[in-house]
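A quick write-up on the structure given underneath.
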Amino acid sequence: MINRRSFSKALGLGTGAAAVSLSGLQAASAVPRSASAASTVPMVTPGAHTTFAQLKQIRAGLLNVGYAELGPAHGPAVICLHGWPYDIHSYVDVAPLLAEEGYRVIVPYLRGHGATRFLSDRTIRNAQQSAIALDIIALMDALKIERAVLAGFDWGSRTADIIAALWPERCKALVSVSGYLVTNRAANLKPLAPKAEHTWWYQYYFATERGRLAMEDKTLRHDLTRLVWDTVSPTWDFDDATFERTAAAFDNPDYAAVVIHNYRWRLSLADGERRYDGLEKRLATRPVIEVPTITLDPERDPFTAPGDGASYRDRFTGKYEHRTLTGIGHNLPQEAPTAFAQAVIDVDRF
């Protein structure tokens with residue numbers, strides 16, 4: 001049976017060579033002339049690295065956080081934040097590039113993922129946006145990082161956006177895939193165009209008991225998340241081993257609870273915790289982000305809004321640049337690591 005991946009291969013869109021070429025072109029063409037004095041990241045073939053040499057653990061806030069760390073201990077800090085359904089391996093090629101440029105690179109598992117664990121069984125497995133942002137603030141405190149460049153996609157973009165908006169003193173600069181992703185629950189109550197609703201199918205599936213049971217079943221969870229990968233990155237020719245390395249992070253005992261709560265909370269189908277109400281009220285006002293920012297839009301991601309970043313441009317009031325990466329899907333850091341790392345270096349020079 002022909003599927004989207006085999007169809008892409010037939011067209012020559014899904015080959016490894018094409019992915020390298022696309023990311024390389026973006027890395028070269030996206031660098032502004034004004035940044036020519038800054039470091040240029042060497043080209044890396046996506047998938048050149050497969051694992052992190054070492055994982056660390058640290059108690060931070062409500063969690064014992066598992067994370068990878070690369071680069072000099074006293075280098076300027078960069079924190080790279082993954083999305084769903086992904087894990088730290090989204091940055092397996094990005095992190096070494098930044099470390100070679102002298103950055104201290106921190107790549108944590110978000111709550112409910114991989115080696116990260118809740119410290120108490122009594123803690124609600126809450127995944128509302130402000131709770132996840134506070135996890136990263138607590139991690140920065142535990143690692144004695146006063147300020148960092150924050151870079152992320154999907155859940156990671158949202159988390160980085162929130163920190164940049166509410167705690168700008170902790171965010172030196174920002175790289176945000178898909179721009180301004182702060183959740184507005186009131187807006188989420190309104191229906192989208194049918195094509196957009198179709199793209200969000202799993203969010204509505206998770207709103208059902210059937211969806212919750214699927215996420216708790218290892219085989220169904222595996223196949224569902226693999227389907228999402230195939231759908232949102234139609235030109236990325238990843239192999240089974242690449243997916244399996246990330247899928248291992250979904251065996252976290254709190255994974256299903258965290259994921260289900262996150263998507264239900266967005267639709268006002270699950271409550272948050274009162275202790276986060278003040279932060280959520282501030283986020284509901286759509287606060288602007290004043291720190292230097294580069295936004296990245298992956299052109300083949302079905303979630304990318306039309307208009308080349310115009311829909312969220314007014315949310316960024318500091319020094320700003322927008323880049324669209326042609327031929328790249330949702331998991332931008334892993335699909336186009338050179339372009340992503342270059343954006344981090346460039347925004348740090350703003």
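The opening position of the sequence shown corresponds to residue 1 in the UniProt record's numbering, with each subsequent residue numbered one higher.
Glycine residues also receive a C-beta, built at the ideal position from the N, C-alpha and C atoms.
Here the structure is a predicted model, which is why all the values come from computation and not from measurement.
Beta-carbon contacts of residue i that lie in its chain and below 6 Å, excluding the five residues immediately before and after
i, result
"residue 322", "295 and 309"
"residue 211", "205"
"residue 112", "252, 254, 255 and 258"
"residue 52", "68"
"residue 280", "130"
Secondary structure of residue i, DSSP reduced to three states
i, result
"residue 218", "helix"
"residue 328", "coil"
"residue 342", "helix"
"residue 98", "helix"
"residue 206", "helix"
"residue 152", "strand"
"residue 73", "coil"
"residue 106", "strand"
"residue 226", "helix"
"residue 168", "helix"
"residue 158", "helix"
"residue 181", "coil"
"residue 288", "coil"
"residue 92", "coil"
"residue 145", "coil"
"residue 46", "coil"
Buried/exposed call for residue i, threshold 16 Cβ in 10 Å
i, result
"residue 341", "buried"
"residue 348", "buried"
"residue 42", "exposed"
"residue 141", "exposed"
"residue 198", "exposed"
"residue 120", "exposed"
Beta-bridge partners of residue i, as assigned by DSSP
i, result
"residue 293", "174 and 320"
"residue 117", "64"
"residue 54", "None; residue 54 has no bridge partner."
7 Å CB neighbourhood of residue i in its chain, flanking five on each side removed
i, result
"residue 123", "62"
"residue 246", "86, 87 and 89"
"residue 35", "Residue placement at residue 35 is poorly supported in this model, since its pLDDT is 40, which falls under 50; the coordinates still yield a value, given next. Within the same chain, residue 35 has close Cβ partners 346 and 349."
Expected contact under 8 Å - CB spacing of residue i and residue j to nearest Å
i, j, result
"residue 290", "residue 324", "Not quite, the Cβ-Cβ distance comes to about 23 Å (not below 8 Å), so this is no contact."
Nonlocal neighbours in the same chain, by C-beta distance under 8 Å from residue i, ignoring five residues either side
i, result
"residue 102", "71, 72, 75 and 76"
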